Amino acid sequence: MISLLISGTVAFVITIFVTPIAIRELRKRSLGQFIQEEVPMHSHKKGTPTMGGVVMWVAVTVGYVVAHFRFWSFSDGWTPSIISFSVEGWLVIMAFLGMGVIGFLDDYAKFAQKRNLGLSKRWKFLGQVVIASLFVLGTNVAGVSTKIFVTRSIGADLGPLVYGLFVLFMLLAMANAVNFTDGLDGLVAGSGSMVFGAYVLIAFWQFRNPDYYGISSALDLGMVAAAIVGALAGFLWWNAAPAKIIMGDSGSQALGGALAGLALLTQTHFLVVILGGLYVMEAASVVLQIFTFRTFGKRIFLMAPIHHHFEIKGWPETVVTVRFWILSGMAVAIGVGLFYAEFLAVTDRALAP
């Protein structure tokens, strides 16, 4: 538990104090946000420093590493030691940083082109596939099970090939889903704090119940999730409306990669759809918009992702953000509730006479 607190606290401190330095340096270099012509209500954000996700890269990595060095405990007092790192923990960090680098290149391309388009869809897709493929190789090295679970009692072994394709889909889908959501001040930082907070609880519970879950790296995965929560909380301080800095694709794609990694390695393959329900909703709105327009020549939303639909309808940005936070919080509560209810149901049956 102390390791989780250290991981989150270190990441929070780094983010909250380093972010204003990043804001100042980004302004000096005129590295500000470009605005799409289709989103005129955001014209006031033009020039806001972006690529704040890079600060989160540093905070999460340092927080995760520092949490493994223990100098004192309640039971033993002053006892310097090192908690073992796990391959699975580093895999999530790799997914976080790897997808973040693709996002950074996308952000940088926007400055080079002086417009809000960034990398072409082809190059972005190829970059994400490379990172996801490396993650798949890492799971093979770590001996990660190729089973996927709806619940602990309902699952299927996909085998190496199909599981690899499933991992590719998960990483690409989540990276893009979170990226779609990152369109309003504080929306991803606030909702992400709740979603990754849920993974701190899930990983810690799996660590405390190893006989049931059998996930040896659960504590390490919890440290990664805690570091991300701390980094997001510190970043939200500066990203809340009106944002002083924007995380950019370097942040949103990194978060999506980490979320998929945590879901895969905690074996909550389908629960993440509920926990990250806000991101699924945003991505689904884009898919539906494209499908209906190409099929029927009509758009079902005024604009996609769906948060822009409500802005065009006249909702103030802060109202959309807070209401979407509420939806995300409800999804997280339902997801954590289902996770715990499934544990109780199985253990109660095991204890029944």
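Here the sequence shown is numbered in my numbering, starting from -13 and rising by one per residue.
Note that beta-carbon positions come from the ideal geometry of N, C-alpha and C, so glycine has one too.
Because the structure is a prediction, the values reported are computed rather than measured.
Secondary structure note for I140: its beta strand (DSSP E) is the uninterrupted segment 140 to 143. DSSP lists R56 as the bridge partner or partners of S67. For I117, the enclosing alpha helix (DSSP H) stretches over residues 107 to 128. Going by DSSP, K96 is part of the alpha helix (DSSP H) stretching over 73 to 99.
The beta carbon of I117 sits closer than 6 angstroms to those of G84, M85, all from its chain and outside the five residues before and after it, given in chain order. The DSSP-derived three-state label of T137 is strand. Under the three-state reduction of DSSP, I201 is assigned to coil, being neither helix nor strand. Membership of T278 in the alpha helix (DSSP H) is indicated by the continuous run 263 to 282. CA-CA distance, W76 to L154, rounds to 18 angstroms. When only Cα atoms are considered, D171 and R108 end up about 28 angstroms apart. The beta-carbon distance between G89 and G39, rounded to whole angstroms, is 6 angstroms. This is short enough to meet the 8 angstroms contact definition. Classified as exposed, L103 has fewer than 16 neighbouring CB atoms from the shown chains inside 10 Å of its CB.
With fewer than 16 other Cβ atoms from the protein chains shown falling within 10 Å of its own Cβ, Y326 counts as exposed. Excluding sequence positions up to five before and after M(-13), its CB lies within less than 8 angstroms of the CB of F190, all in the same chain and listed in chain order.
P228 sits in coil when the DSSP states are folded into three classes, being neither helix nor strand. In the displayed model, T1 falls within a helix according to three-state DSSP.
In the DSSP assignment, Q253 falls outside any alpha helix (DSSP H) and carries neither an H nor an E. Distance from the CA atom of I(-8) to the CA atom of V52, rounded to whole angstroms, is 8 angstroms. Its Cα nearest to that of F(-2), the residue G220 stands out among G220, A98, F329. DSSP places F182 inside the alpha helix (DSSP H), whose first and last residues are 173 to 194.
S238 places its beta carbon less than 8 angstroms from that of V164. For I276, the closest alpha carbon among the candidates I292, G263, L264 is that of I292. Look at S131 here: in three-state DSSP terms it is coil, with no helix or strand label. Relative to the Cα of P228, the nearest Cα in the group A95, L173, V210 belongs to L173. When the beta-carbon positions are compared, V215 and F256 stay at least 8 angstroms from each other.
Per DSSP, I292 is one residue of the alpha helix (DSSP H) stretching across 292 to 298.
Rounded to the nearest whole angstrom, the CA to CA distance from M160 to F57 is 37 angstroms. Cβ contact annotation for A8 (same chain, cutoff 6 angstroms, sequence separation greater than five): V41, in chain order. Three or more beta-carbon pairs drawn from the stretch 137 to 155 and the stretch 115 to 129 are found closer than 8 angstroms, and the two stretches are therefore classed as touching. DSSP, read as helix, strand or coil, puts F325 in helix.
When the five nearest sequence neighbours on each side are left out, the beta carbons in the same chain lying within less than 6 angstroms of the beta carbon of L205 are those of F193, in order along the chain. Remark: C-beta atoms of M209 and Y94 do not approach each other more closely than 8 angstroms. Judged by beta-carbon spacing, L251 lies beyond the 8 angstroms limit of E11, meaning their Cβ atoms are not closer than that value.
Distances from the alpha-carbon of L330 to those of V4, P35, N195 put N195 closest.
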